[in-house]
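Residue numbers (our numbering), protein chains in the order written: chain X, 1 to 412; chain D, 1001 to 1303. We put the beta carbon where it would ideally sit given N, CA and C, even for glycine. No experiment lies behind these values; they were computed from the predicted model shown. All remarks here apply to the structure that follows.
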């Protein structure tokens, strides 16, 4: 399994790689193909999950028709800020950046029963057989940053020793239809993380949404697996032409150029050596330890287990629930929490995400989706904190900071 | 690859599942490591006022062999699950022995169990004490408090291959004479001609006439060839830090000192994230670590 675009730390050089080859889109689909696509997936017995507008945000949820997809909305995302702005008359469906939550919840659910056990009044402990697996799903409209996040979760939860069979089953059975991103938000930095805005692999079927001369959306498609090729065969399409491909390429290059945020290239090493930084206290003064960043992060995988017992005391269940390294209970051992200080919990989170993750899973744990920046209630920005720590490290070493200024210059 | 026949699944479609990219990459899921196996308590022993030992045998199926230093996740019905190191003899895996201090909800519920009761076991997990690394060397085993429990399987393993080692020294520190764990076993070991056993207490009570002070003072007294010694240390983190430093001060190489860490654990297989310690998962990269690999981290506050 290839690691998703596994660069050491992202950076300006990685972004430059995207201003490159024209993608070999094979098929042009008109607007009606979306309906055919959702129908075909449902005929195959799949529950289709895709972006839809709910509670003032683009969220991922079960959808049954193209009308469920967001059209006529633009999302505005920045540090501590998310707004949906109406875009009257716009008929494109994929003009949003990262949806409010990633695909994590559909492969690694927020709560999941691990098993149920019984203990009769006079008898031994027995475990119920596991329930049959749920019907397979299709993920429609997966952004390239989120494709990279799924592959990172594969490494964590479905690695060589298969630690989480339920994850592996949900993930195996999911058919992935990606849609390249032409509308990154101000919070996005996929280009420098080398995960987007265009998909390179990790999809069964890849789409890009363009606007035709008449203002209606059209789609270019290419298959990434046998299942994706079968699906594409069932859609009413025509061969894509070079003009379409050029349009897709310039849309992609624009999506790279609009991104202004980036992580410093050497952040892995900087964080490994920043354990005693005073900056953690400064972050602690702002951080609420609410855990929003870990919940909306598409790769944060930490979970706890909770037991519940029936009133008669004969049946017990064990549930796995998402957890967060920002809670005090997370590191509790007899005698107290290992990380009692809020700044040290932020240190743990960012150091794990951007540094230790390389040691554990061979790449960064960040895909540049920007969700932690958007959904932080006080607007703590992972790229800004990383830049401060980077500058601090260079100041300690007595050298100027080459990293962040150079990156900002390449992305006006 | 396609090991999930559609016929056996409760899917709305009878069509065979296509080869999605994820299926091509992931292969078929294995058995669930989060499901415990039921074991029966064959013996329940009170060790100290708050410490007890359970001997477990599986209700069905073969016993799980283990290596010294490994741990199991023990599940008490309705109460929860905790990581507990194995304290028995690795030559007799048919009987899983765990020594536990009742300090929380689950361990207190476990303390209330009796012979014949069942509990759930997952494991064994974690890295073992590297017995082979000590071949040809003098061996120092330094234990603090309940830290003697995960070291007892190591001592059994050392004695099973006794001619392979030089001097074998066990240094044990307890809070008070009443807190000395495995007292009969310590006495038996002390009676051997091929092993040295010293104990110290933080606070002398009653008729104690032995050494008083930290286990580091026993290390400083020597009795082993430091240039050619492998050391195994387990106890509270602060004790391990000072013991390792005392061993180094004495001349033992940092790479020949091994210690066993404790962290919060929910899964024991590296997916719950709780036990992270720097880049390591204590559950699968540890609990046994080589001191020179972790020395820098060991002194860090709240890492």
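{"Asked": "Give me, in chain order, the residues of the same chain whose beta-carbon lies closer than 8 angstroms to that of residue 42(X); leave out the 5 immediate sequence neighbours on both sides.", "Found": "48, 64"}
{"Asked": "Suppose you measure from the CA of residue 123(X) to the CA of residue 1122(D); what does that come to, to the nearest Å?", "Found": "20 angstroms"}
{"Asked": "Assuming residue 252(X) and residue 206(X) are in contact, meaning their beta carbons sit under 8 angstroms apart, how far apart are those beta carbons, in whole angstroms?", "Found": "Their Cβ separation, rounded to whole angstroms, is 12 angstroms, which puts residue 252(X) and residue 206(X) out of contact at 8 angstroms."}
{"Asked": "Hey, would you say residue 1044(D) sits closer than 9 angstroms to residue 1106(D), going by beta carbons?", "Found": "no"}
{"Asked": "Sorted by chain position, which residues of the same chain lie with C-beta nearer than 7 angstroms to residue 1270(D)'s C-beta, five sequence neighbours on each side aside?", "Found": "1281, 1283, 1284"}
{"Asked": "Would you say residue 1009(D) reaches chain X, if we count a Cβ-Cβ gap shorter than 9 angstroms as a contact?", "Found": "With a pLDDT of 40 at residue 1009(D), under the threshold of 50, the modelled position of that residue is not reliable, and no figure is offered here."}
{"Asked": "With 9 angstroms as the C-beta to C-beta threshold (strictly closer), list the residues of the stretch 321–337 of chain X near chain D in chain order.", "Found": "323, 325, 329, 330, 331, 332, 333, 334, 335, 337"}
{"Asked": "Report yes or no: is there a C-beta of chain D within less than 9 angstroms of the C-beta of residue 279(X)?", "Found": "no"}
{"Asked": "Just to check, is the beta-carbon of residue 276(X) closer than 8 angstroms to a non-hydrogen atom of the ligand SAM?", "Found": "Absence of the ligand SAM is noted for the structure shown, with no ligands found whatsoever."}
{"Asked": "Under 7 angstroms Cβ to Cβ from residue 225(X), same chain only, skipping five residues before and after it: list those, please.", "Found": "204"}
{"Asked": "Contact check, residue 84(X) vs residue 73(X) under 8 angstroms by CB: the rounded distance?", "Found": "5 angstroms"}
{"Asked": "Determine the extent of the alpha helix (DSSP H) in which residue 82(X) is found, giving its start and end residues.", "Found": "Here residue 82(X) belongs to no alpha helix (DSSP H); instead the beta strand (DSSP E) covers 81–86."}
{"Asked": "Does the separation of the CB atoms of residue 153(X) and residue 172(X) fall below 9 angstroms?", "Found": "no"}
{"Asked": "Fully enclosed by the stretch 374–404 of chain X, which alpha helix (DSSP H) runs are 4 residues long or longer?", "Found": "382–397"}
{"Asked": "If the cut is a Cβ gap below 7 angstroms, which residues of chain X does residue 1262(D) touch?", "Found": "333"}
{"Asked": "Tell me which same chain residues have a C-beta within less than 6 angstroms of the C-beta of residue 1063(D), skipping the five on either side of it?", "Found": "1093, 1094"}
{"Asked": "For residue 1118(D), which residues in the same chain have their Cβ closer than 8 angstroms to its Cβ, ignoring the five residues on either side in sequence?", "Found": "1038, 1039, 1040, 1041, 1059, 1077"}
{"Asked": "State the DSSP-derived secondary structure class of residue 205(X), mapped to helix, strand or coil.", "Found": "strand"}
{"Asked": "Between residue 1206(D) and residue 1124(D), what straight-line distance do the alpha-carbon atoms span, to the nearest angstrom?", "Found": "40 angstroms"}
{"Asked": "Chain X partners of residue 1123(D), CB-CB under 8 angstroms?", "Found": "In chain order: nothing, as chain X lies at least about 14 angstroms away."}
{"Asked": "Quick one: what does DSSP say residue 344(X) is sitting in, helix, strand or coil?", "Found": "helix"}
{"Asked": "Per the DSSP calculation, residue 137(X) is bridged to which residue(s)?", "Found": "47(X)"}
{"Asked": "Using a C-beta to C-beta distance shorter than 9 angstroms, which residues of chain X count as neighbours of residue 1080(D)?", "Found": "305, 306, 307, 318"}
{"Asked": "Could you tell me the alpha carbon to alpha carbon distance between residue 1046(D) and residue 320(X), rounded to whole angstroms?", "Found": "33 angstroms"}
{"Asked": "Check whether the Cβ atoms of residue 191(X) and residue 368(X) sit closer than 9 angstroms, and answer yes or no.", "Found": "yes"}
{"Asked": "Using 8 angstroms for Cβ pairs, my map puts residue 263(X) next to residue 189(X). What's the rounded Cβ distance?", "Found": "7 angstroms"}
{"Asked": "Would you mind working out which of 175(X), 169(X), 167(X), 261(X) sits nearest residue 194(X), comparing C-alpha positions?", "Found": "261(X)"}
{"Asked": "Between which residues of its own chain and residue 17(X) is the CB-CB distance below 8 angstroms, once the five residues before and five after are set aside?", "Found": "For residue 17(X), the pLDDT reaches just 43, beneath the cut-off of 50, and the residue's location in the model is therefore unreliable, leaving the point undetermined."}
{"Asked": "For residue 397(X), count neighbouring Cβ atoms within 10 angstroms of its own Cβ and tell me buried if that reaches 16, exposed if not.", "Found": "exposed"}
{"Asked": "Note down the Cα distance separating residue 1202(D) from residue 1211(D), rounded to an integer number of angstroms.", "Found": "9 angstroms"}
{"Asked": "Would the stretch 1166–1180 of chain D count as touching the stretch 1285–1299 of chain D if we require 3 or more Cβ pairs under 8 angstroms?", "Found": "no"}
{"Asked": "Decide if the stretch 177–188 of chain X is in contact with the stretch 88–99 of chain X; the criterion is three or more beta carbon pairs, one per stretch, under 8 angstroms apart.", "Found": "yes"}
{"Asked": "Within a Cβ cutoff of 8 angstroms, which residues of the same chain sit near residue 1(X), ignoring the five residues on either side of it in sequence?", "Found": "Bear in mind that a pLDDT of 34 at residue 1(X), under 50, signals an unreliable position, so the number given afterwards is only what the model happens to contain. Answer for residue 1(X): 151, 154, 155, listed in chain order."}
{"Asked": "So for residue 1002(D), helix, strand or coil by DSSP?", "Found": "At residue 1002(D) the pLDDT is 38, less than 50, meaning the model places this residue with poor confidence and gives no usable figure here."}
{"Asked": "Pull the bridge partners of residue 217(X) from the DSSP assignment, please.", "Found": "211(X)"}
{"Asked": "Output needed for residue 1239(D): all residues of its chain with C-beta closer than 6 angstroms, excluding positions within five of it in sequence on either side, in chain order.", "Found": "1144"}
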